[in-house]
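The next block holds one structure in the form of structure tokens; read it before the comments.
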Amino acid sequence: MAVLPYMQFYVADYLADTMHLSTEEHGAYLLLIFNYWQTGKPLPKNRLAGIARLSNDRWTDVERSLNEFFIDDGNTWTHQRIERDLLSVKGAQSQRSEAGKKSAQKRAEKKTKENQPKSNDRSTTDERNSNDRWTDVERSLNEFFIDDGNTWTHQRIERDLLSVKGAQSQRSEAGKKSAQKRAEKKTKENQPKSNDRSTTDERNSNDRSTNKDPDKDLNTDLKDQTPHIAGACENGPSPDESPPQELDDVFWTDDPTVKFPMATTWQPSPDFKRRAAVWGNILDGPDPGYSPQELASFTTYWKAEGKAFHHVQWEQKFSRHLASQRGGSPPGAKPKRQRQGAFEPSGNYGEKPPEFN
89 MAVLPYMQFY
99 VADYLADTMH
109 LSTEEHGAYL
119 LLIFNYWQTG
129 KPLPKNRLAG
139 IARLSNDRWT
149 DVERSLNEFF
159 IDDGNTWTHQ
169 RIERDLLSVK
179 GAQSQRSEAG
189 KKSAQKRAEK
199 KTKENQPKSN
209 DRSTTDERNS
219 NDRWTDVERS
229 LNEFFIDDGN
239 TWTHQRIERD
249 LLSVKGAQSQ
259 RSEAGKKSAQ
269 KRAEKKTKEN
279 QPKSNDRSTT
289 DERNSNDRST
299 NKDPDKDLNT
309 DLKDQTPHIA
319 GACENGPSPD
329 ESPPQELDDV
339 FWTDDPTVKF
349 PMATTWQPSP
359 DFKRRAAVWG
369 NILDGPDPGY
379 SPQELASFTT
389 YWKAEGKAFH
399 HVQWEQKFSR
409 HLASQRGGSP
419 PGAKPKRQRQ
429 GAFEPSGNYG
439 EKPPEFN
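Going by the numbering used here, the first residue of the sequence shown is number 89, and it counts up by one from there.
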């Protein structure tokens, strides 16, 4: 095992000593010194060819050139430069190890001394000195307290403590009353409606049913006076006419009690085109009655406004937006209403009427 995962390698010194070596000899020499540093001991001669990764024939030629860098004692090759570097590294490691051991020992001794209890002599002396100092200080502080023989009382602090305790008690009582009121209010809201309310609803229902009777009679009279209407009512709607379709609530995806601001991911209902027609905005073209560009223009405009509406209100705005945009108005603009009863003068301005001639 190597003493260090790296070795000191001085390129200038190496090249100065090995300028005469071939490429093959350079490789064999580097492998030998690397193995030397890795094992930390001289190289055995019977393994030199294997360490250099050469055949026996090639090693015989290379050995003549590399022999000059090592000391051959008959069994091993020793490299003096690597031996010096190994001794230096081992010495530095030994010094650091000894220094670490001494430092750890000092820290342990210091910790042991800190954890030892102080001697009785020192504690007795400290207590005596403390009592002497308190006797001198007591004379100055006695004027701020009331001495009843056993305790010292500070009047200002006592008043502040009473004030704080009183305020805390008041806040506690107020909180309890507020919680009780909320609980009573919640209980009343959860209770079923009283019989008086149901009786009032029944009375109002009876009144409404009574008010409807004259209307039925009036409709009967009108049908009698208009035979063509009566006949149509009796025969029912013609085959060509179909009753108006009601809006299907299956596709309502919003909570009618929640308002939300516009987002780029907002989508109208699947039957948006039919809803727009019910609201008086006829949208030409195939379903869904709008293009992705028109929807993007609408959502971008209202997202910047930051206003919140219900889902159905957004759909109504979108249908009006499509009608106004296709008529040439900008997004969010209301359709212009034509003024009625505007004064339109006749003739040319500055012309005198005939009556004044």
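Here a beta-carbon is modelled for each residue, glycine too, at the ideal position from N, C-alpha and C.
Whole-Å CB distance - T164 paired with K133, under 8 Å assumed: 6 Å
DSSP beta-bridge partners for T388? Answer is none; T388 lacks a bridge partner.
Leaving aside the five residues before and after T341 along the sequence, list all residues of the same chain whose C-beta is less than 8 Å from its C-beta, in chain order. Caution is warranted here: a pLDDT of 48 is assigned to T341, below 50, making its placement in the model unreliable, and the coordinate value is therefore given only provisionally. S357 and H399, listed in sequence order.
Where are the alpha helix (DSSP H) runs, 4 residues long or more, that stay fully inside the segment 101–173, in chain order? 111–127, 136–140 and 144–154
Could you check what DSSP says for W367 in three-state terms: helix, strand or coil? coil
Under three-state DSSP, which class holds W240? strand
In the structure shown, what three-state DSSP assignment does F406 receive? helix
Bridge partner(s) assigned by DSSP for A396: P349
Which whole-angstrom value is the C-beta distance of T127 and Y117, which I expect to be below 8 Å? The Cβ separation is near 16 Å, so there is no contact.
Would you mind working out which of Q96, H167, H114 and T111 sits nearest L131, comparing C-alpha positions? H167
On the criterion of 16 or more Cβ atoms from any shown chain inside 10 Å, does Y98 qualify as buried, or is it exposed? exposed
Tell me which same chain residues have a C-beta within less than 6 Å of the C-beta of Q96, skipping the five on either side of it? D173
Should G377 and K361 be called a contact, given that it needs their Cβ atoms to be closer than 8 Å? yes
Selected residue, minimal CA-CA separation from S385, among G162, Q355 and W367: Q355
D235 bridges to which residues according to DSSP? W240
Is the segment 143–156 touching the segment 108–116, taking contact as three or more C-beta pairs under 8 Å? yes
Taking the CB atoms as reference points, tell me whether W147 and L136 lie closer together than 8 Å. yes
Going straight from the alpha carbon of L249 to that of Q256, what length do you get? 11 Å
Does DSSP put P93 in a helix, a strand or coil? coil
Just verifying my parser: in three-state terms, what is the DSSP assignment at P380? helix
Cα-Cα separation, Q413 to S266: 54 Å
Whole angstroms are fine: how far does the CA of Q193 sit from the CA of G162? 48 Å
Check each candidate in E112, K129, I159 and I121 and name the one with the smallest Cα separation from S143. E112
Which residue from L109, E246 and E186 puts its Cα closest to that of V150? L109
Exposure of L103, with buried meaning 16 or more beta-carbon neighbours within 10 Å: exposed
Tell me the DSSP secondary structure of D220 in three-state form. helix
Label F406 either buried or exposed according to how many other C-beta atoms from any shown protein chain fall within 10 Å of its C-beta, with 16 as the threshold for buried. buried
Among T352, T275 and A396, whose alpha-carbon lies nearest the alpha-carbon of V346? A396
Please state whether DSSP places D375 in a helix, a strand or coil. coil
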